[in-house]
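To convert, count from 1 in the first sequence and add 470; that's my numbering. Don't be surprised by glycine CBs; every beta carbon is placed ideally from N, CA and C. Taking it in order: structure first as structure tokens, then the write-up.
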Amino acid sequence: MNSYQEAQSDLEVILEFLEEYHKQNRENNGVQEDATSVDNDTWEQCWRPCEPPSIPVGPEAVPCEPSATSVTTRQLSKQQASVAGSGRKLRLFHFLFEMLEDPTMAHCVSWVPSSSGVFRFSARNKDQLAALWGQRKGNKRPMTYQKMSRALRNYARSGEIVKVKKKLTYQFSEHTLMLLHKRHREDL
DNA sequence: CCCATTGGGATTTTAT
DNA sequence: AATAAAATCCCAATGG
Numbered sequence: 471m472n473s474y475q476e477a478q479s480d481l482e483v484i485l486e487f488l489e490e491y492h493k494q495n496r497e498n499n500g501v502q503e504d505a506t507s508v509d510n511d512t513w514e515q516c517w518r519p520c521e522p523p524s525i526p527v528g529p530e531a532v533p534c535e536p537s538a539t540s541v542t543t544r545q546l547s548k549q550q551a552s553v554a555g556s557g558r559k560l561r562l563f564h565f566l567f568e569m570l571e572d573p574t575m576a577h578c579v580s581w582v583p584s585s586s587g588v589f590r591f592s593a594r595n596k597d598q599l600a601a602l603w604g605q606r607k608g609n610k611r612p613m614t615y616q617k618m619s620r621a622l623r624n625y626a627r628s629g630e631i632v633k634v635k636k637k638l639t640y641q642f643s644e645h646t647l648m649l650l651h652k653r654h655r656e657d658l
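Below, the structure is given as structure tokens:
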């Protein structure tokens with residue numbers, strides 16, 4: 471309807487990303503902190519142990535988090551989130567993209583073949599994935615698909631991700647997908 | 001009718 | 001310290 475608006479928000483998003491990315495690049499090259507080597511690998515290791523190959527069909531999808539470590543986890547993930555993922559702060563759609571790229575997460579979320587940027591959650595394990603997201607953010611209360619999908623719906627406003635008619639199915643917009651791919655490639 | 005999914009208002013958290 | 005944006009919580013509506 472409004473291609474002008476779309477183009478405008480495209481530009482905004484792209485510029486933001488470029489700025490942040492270059493900033494981050496400089497910081498990493500110049501100043502070295504303790505957690506410089508924290509990268510995709512590190513946080514993958516963080517959640518992968520909680521993810522046995524066999525799919526546990528838990529009633530409430532409760533991962534592994536004793537309440538005692540919640541506080542520690544929160545602070546740690548805050549720090550890590552700032553440095554990890556080759557970006558500054560991990561946003562929900564970045565996280566989802568990483569999940570989609572990871573074959574071991576195929577039982578939770580996967581690309582819909584012969585479509586660009588369309589992905590679908592597994593009806594069985596969507597809550598598990600959501601819980602992972604919650605852990606990543608260091609939430610005290612476990613994240614659920616319901617809440618996570620709400621965040622996805624918020625993305626519809628800014629156009630990063632849109633809902634498609636099918637159940638549990640969403641779609642990255644073109645530029646979001648492009649950005650994500652670019653980041654991923656440059657990261658490896 | 002029940003359950004799962006979706007939509008959206010209100011509130012809280014986080015970054016700048 | 002204040003503001004804006006993103007994320008979260010909660011409940012209502014819809015659909016199979």
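- Here the alpha carbon of Pro573 sits roughly 10 angstroms from the alpha carbon of Val579.
- Taking the Cα positions, Ser586 is about 15 angstroms away from Lys635.
- For Lys617, the enclosing alpha helix (DSSP H) covers residues 615-628.
- Bridge pairing for Trp581: Phe589 [DSSP].
- Here Lys633 is not near Leu650, since their CB atoms are 9 angstroms or more apart.
- Excluding the 5 residues flanking it on each side, Lys652 has no same chain C-beta neighbour closer than 6 angstroms.
- Residue environment analysis places Lys559 among the exposed positions, since fewer than 16 neighbouring C-beta atoms fall within 10 angstroms of its C-beta.
- For Lys607, the enclosing alpha helix (DSSP H) stretches over residues 596-607.
- Between Phe565 and Arg620, the beta carbon gap of about 15 angstroms keeps them out of contact (Cβ cut-off 8 angstroms).
- Contact check for Ala600 against Pro612 passes: the beta carbons are separated by less than 9 angstroms.
- Boundaries cannot be given for Thr574, as no beta strand (DSSP E) includes it and DSSP labels it neither H nor E.
- Here Phe642 is bridged, per DSSP, to Ile631.
- Taken through DSSP and simplified to helix, strand or coil, Leu650 comes out as helix.
- Per the C-alpha coordinates, the member of Glu571, Gln598, Arg590 positioned closest to Thr639 is Arg590.
- Per the coordinates, the alpha-carbon of Leu647 lies some 13 angstroms from the alpha-carbon of Leu562.
- In this structure, Tyr625 keeps its C-beta atom at 9 angstroms or more from the C-beta atom of Asp597.
- Cβ neighbours of Ser643 within its own chain (closer than 8 angstroms, five residues either side excluded): Gly587, Gly629, Glu630, Ile631, Val632.
- Counting only the Cα atoms, Gly604 lies some 8 angstroms from Lys610.
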